[in-house]
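Numbering (the working numbering), first residue to last: 6 to 966. All remarks here apply to the structure that follows.
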RNA sequence: GGGCGAUUAGCUCAGCUGGCUAGAGCGCGUCGUUCACACCGACGAGGUCACUGGUUCGAGUCCAGUAUCGCCCACCA
C-alpha cells in the first residue's frame, strides 16, 4: 500500500465529510510550505499583515470573519501567481492579558502587587506559553493560508526593538512628550487609558442644584484684589460646623450651581458665569464659600458657560473635568485633586476622605440637604464615559503621562489617503477617517500596567531623562520608567515591524509597503489610523495601498453577539457540525463590504449543502470520466508556469459540440469574466454567489443532466461520431468543473481541494501524494488562476456564444413549460407524453435537441413531432406558447377544455400587458432617441416575442371556443 | 449636536456602472425511491422594492426631504 492510498480514501464518500478532510489537508498544505512565498525579484509580491488577535483570545465570529475574507483575498492572489505573503501573529494585548492573569491570581488568593512585577511577568509569560498557541491553532482550523514560518508576537525581541526604535525617533523629533494632564482614568484597572478606550453611554442621572453661600462683605462691595486672602476669616458667611445643620447660618447671598457629579464639589476652585449674563454680572470677582470644605472660591467670567443651561452658573473643578480644566487654565485656578487611583477620595475631600466616589456622592448630597444647600434634584440623562475594558465609569484624573503629539503624524496619514496613495473600501469610511484625523487629540501612550513594552526612558537620580536607542545599553545607575506603552503603539508598527524594521531586511525590502490591510471598521481609529500615522512617519510611505473594512458579525436579529445575551455562535462548533467551508462561504457571501452581517444559521446549513453538492457533482463527473476515454493528447496537460504545475486544457475540436456543450462553455466563460471583475473590485460576496449560482442552477441542474443523455450509447450518434461526442462531453464536464473548483477554492478551500484531487488523480505525476514534492506540487492552492482569467478557447470563436445561449434558453423554457403543464394536469411522473411542436424557423434546431425534450420533459420520442408549421392542430390538447413556438400536448382523457381556456386567457392577458408596456416604450420618441441601441433592440425583440405569443394564444383560444 | 448605514417575498439577505418581466436560500403548497446528491430533484404560490417629491426616454438603483431602526463621533455643567 502506498502512502497515497492511506492519505485519502480510494473512493469518494457518498457525502462530503468535512471532519475527514480538513485537518489532513491543512497539515499537508502547511507541511509542504505552500503558504510560504518565494521572493522573486521579477515579480510583484502581494502582502497582507494579519490583524494580530489577542494572544489569550478565544476564537469568535469576528476572527472567522477576518480570516475568511483575508484568506479569500490571499488565496486568490496566490493563484494569480503572485508571491503572496500573509503574515500572521498575535498581540500581547496589555490590558486584556493582564486582567486575565490577575483573575487567575485572585483565584489563587493572590494579587499582582503581592507577588511583585518580576514574578507577575513570569506568570504572564507562562500563561502565554500555555494558552497563546490556542488561537493560532484555531486560525488554522479556519483554513487560514498564512505563512506560519513568519509568525510574530508583539513582544518578540525584534518587534520590541522596533518599538524602542520608534519611540526613540519620535522622542528625538519632539513628537513624544511627558507631562501632567487630565487623562481618562480607569479606577478598576488603575491605569490611564486613551480617549478611544472610553465608551460613551447614555445614563439616567440627576442634575443637583446646589447653592453656595457668597462671602459676606462688610461694606457691601466685592473684595478687591489687594485685600485678597487677608480678609477671608472675618468676612466669612459660614458660621457652623459642617454637618451641624447650621453650617451656612447667617448667609444672606447665594449662588446656585447645577452639577451631575456633586462629589466633585470638594475639588471646586471657582464658580464660572457667562460674562454677558446680567443676572450674575455683579457677582463676578466676588467669592463663594465652598460647602463642606469652606474654601473661598472666586466667581469668574468665562464665555464657555452657557447661560441658558441649569442656573447659568457652573462650579469649576479643574482637576476632575476636561472643561473645567480648560477654564482653570484660562483663569489660573488651582487644581485640587480629590481622588486616589482607586477612585476613593483623598484628604482633600475633608469629611469624605476615604470614601468611594459614589458613596461620597450620596453622603454629600444628604449633607447638603441637611444644611439647606440642596435647592432641587432634577432627573437628567447624560452621556457617561465607560472604561472599555474595565466596564466602570471613567474618572478624569490629573496625572503624569506620556503622549504622542499626533497632529504632524495625522497630516501625513491624511495626505496619503487624500492623494489616493491609500484607498479605503468602502469609500464612505474615508470621510470618517478624515474627520477623526482632522480633529485628533494627542495620544496618551503610557499605561500603569506591567504587561507590555516598558517605556524606554530612564531617570537618573538627579532627575535627568535618558532615552537610549534600541541598540544602546541600559543607562547605569538610572531607573526605568515603570509604565508600559499602550498596546496599540506596538500594533501601530505591525506592518513593518513584522518584516524586520528598523533593519532593511530582504523581507522589508520586498514586501513593504504591504498591499492590503483588511480589518473590521470598528478598529479604524484604534489601529488602522495609527498604522497610517506611524507608518508614514517612520518608513516614509503608507504601509498599505488598500484598506478593506468589513462589518461586524451579529446574530440573526442583528444584535451584537455577547455572552450575556447568550446569542453567541461559536465558530468552532459550527466548523465541527457543518464544516469550515460552510462557515466561510456563509461569512463571505451573506453580506456586502463594510456592512454588518446578521449571521443566519440556516445559511450555514445551505452552504453546507452546497459543499455536498460540489462533492457529488465531482463524484458524478468522475464516474462518467471512467478511464477517461480520451487519447493522451486530448487530456488536459500540465505545463510549468510560475514555477508550479498548472493545467492547460488542450481543446479538441468543438465541431462535434452540442448546443448544451456550447451553452455551458459560454456560460462558464462568462462566469470567469464576472468573477475576475468582481474580485478585482473587492466584491467577494457577489463573486461567491455567482459561482454557486452557476455550479448549482446551471451546471448541475442542466448540463449534468444533459450530459447523461449525451453519454448514453449510440442514441447520441453512431459509430465514430458518437464516440467523439462522448469524449467531448467528458472534456466539457471536466473543464467546467475543474475550472469552477478553482474559482471557488478561495472561498471553500477544503472541499474544492479534496474534490479536485480526486478529479485529477490520474494526471498526477507523483502517486505518493502525501509526500509530493514541493517543487512540483499538485494542489489547487498553487494552481494558477490564469486558466480562468483567459477564457476557454472556443475553437477560434468568441469566448461567449450568444447563439448557443439564445437557443438553449428556448430549449430550457420549453422543457420547463412542458413540465409545468404536466404538473398542472397531474400527469403521472412516469408517463411518457406525446407532443407536437410548431416552431417555425427554429424547427431544425429543436429537432437536433429532441433527445433533451425526450429525457428531461419525458416526451415519447416516437410521439414527438417537431415541424415548422402544422397542417392542423390537435383539439384535445394542452397548449404551451413560448414566443412563436407552440407546443401541443394531447393528454388523452385529461384535458379539461374549460380549464385550458382559462389558463390560456390568463397567459394572453399577460402577453398583452407586456405588449402594451413595450409598445409604449418604443412609441416614446425620447426612448428611441436616447436609449442605447442594445436596450432598444432588446425591447423590440421582446415585443416581437410577446406579439407572436399573443397571436398564437388568440388563435388557439378561437379554436377551442 | 454632527456624521454614516439600513428599510426589497413569512424569515435572513443579494440586486455592482440607472434598462427589472425584481432574484437567492430557508419556510410554505403539489409531486417524485430514473443508478452524483433526500445535505436531492421537478413544478408552483408569494413583493405597489418604507414614504413623499425631483432628475431622466427610463428609478429598487441617482438627488432632496420625511419616518422608523441601528451605528459612529462630540467637553454642554
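C-beta: ideal position from N, C-alpha, C; glycine also. Just so it is clear, the structure is predicted and the values come from calculations on it, not from any experiment.
As the crow flies, the alpha-carbon of residue 831 is around 45 Å from that of residue 578. Rounded to whole angstroms, residue 561 and residue 940 show a C-alpha spacing of 40 Å. Here residue 583 is buried. Its C-beta has 16 or more other C-beta atoms within 10 Å. Between residue 302 and residue 261 the beta-carbon gap is near 14 Å, outside 8 Å, which marks them as no contact. Contact between residue 246 and residue 365 does not hold, since the beta-carbon distance rounds to 19 Å and is not under 8 Å. In the structure shown, the three-state DSSP call for residue 702 is helix.
With distances taken between CA atoms, residue 199 lies nearest to 100 out of 100, 420 and 282. Ranked by how close their Cα comes to the Cα of residue 600, the residues 534, 580 and 688 have 688 in first place. Straight-line spacing of the CA atoms in residue 566 and residue 605 works out to 12 Å. Between the region 250-260 and the region 194-211, the count of C-beta pairs closer than 8 Å stays below three; the two stretches do not touch. Within its own chain, the residues whose Cβ lies closer than 6 Å to the Cβ of residue 52, once the five positions on either side in sequence are excluded, are 90, 516, 519 and 520, listed in chain order. When the five nearest sequence neighbours on each side are left out, the beta carbons in the same chain lying within less than 7 Å of the beta carbon of residue 159 are those of 57, 96, 97, 495 and 496, in order along the chain. Taking C-beta atoms as the reference points, residue 735 and residue 629 count as a pair closer than 8 Å. For residue 112, the enclosing alpha helix (DSSP H) starts and ends at 99-112. Counting C-beta pairs with one atom in each stretch, the region 144-151 and the region 167-182 have fewer than three that are closer than 8 Å, which means they do not touch. Membership of residue 536 in any beta strand (DSSP E) is not indicated; the residue belongs instead to the alpha helix (DSSP H) covering 535-544.
In the three-state reduction of the DSSP assignment, residue 204 falls in the strand class. The continuous alpha helix (DSSP H) containing residue 934 extends over residues 930-935. Cβ neighbours of residue 627 within its own chain (closer than 8 Å, five residues either side excluded): 17, 763 and 764. Judged by DSSP secondary structure, residue 405 falls within the beta strand (DSSP E) whose first and last residues are 400-409. Taking the Cβ atoms as the reference, residue 899 lies roughly 16 Å from residue 822, outside the contact range of under 8 Å. About 45 Å separates the beta carbons of residue 116 and residue 34, which is beyond the 8 Å limit, so they are not a contact pair.
Going by DSSP, residue 91 is part of no alpha helix (DSSP H) but of the beta strand (DSSP E) stretching over 89-92.
Annotation note: the region 242-324 contains the following uninterrupted beta strand (DSSP E) runs of length 3 or greater, listed N- to C-terminal: 259-264, 275-278, 292-294, 301-306 and 318-321. In the DSSP assignment, residue 191 is bridged to 196. Of the candidates 677, 753 and 20, 753 places its Cα closest to the Cα of residue 591.
Pairwise C-beta distances place the region 506-516 out of contact with the region 131-143, as fewer than three of them are shorter than 8 Å. Within the DSSP secondary-structure output, residue 381 pairs in a beta bridge with 214.
Contact check for residue 350 against residue 271 passes: the beta carbons are separated by less than 8 Å.
Residue environment analysis places residue 112 among the exposed positions, since fewer than 16 neighbouring C-beta atoms fall within 10 angstroms of its C-beta. DSSP lists no beta-bridge partner residue for residue 171. Rounded to the nearest angstrom, the Cβ distance from residue 93 to residue 44 is 18 Å, too far for a contact under 8 Å. Secondary structure at residue 68: helix, using DSSP grouped into helix, strand and coil.
Judged by beta-carbon spacing, residue 751 lies within the 8 Å limit of residue 81, meaning their Cβ atoms are closer than that value. In the three-state reduction of the DSSP assignment, residue 63 falls in the coil class, being assigned neither a helical nor a strand state. In the structure shown, residue 907 falls within a helical segment according to DSSP collapsed to helix, strand and coil.
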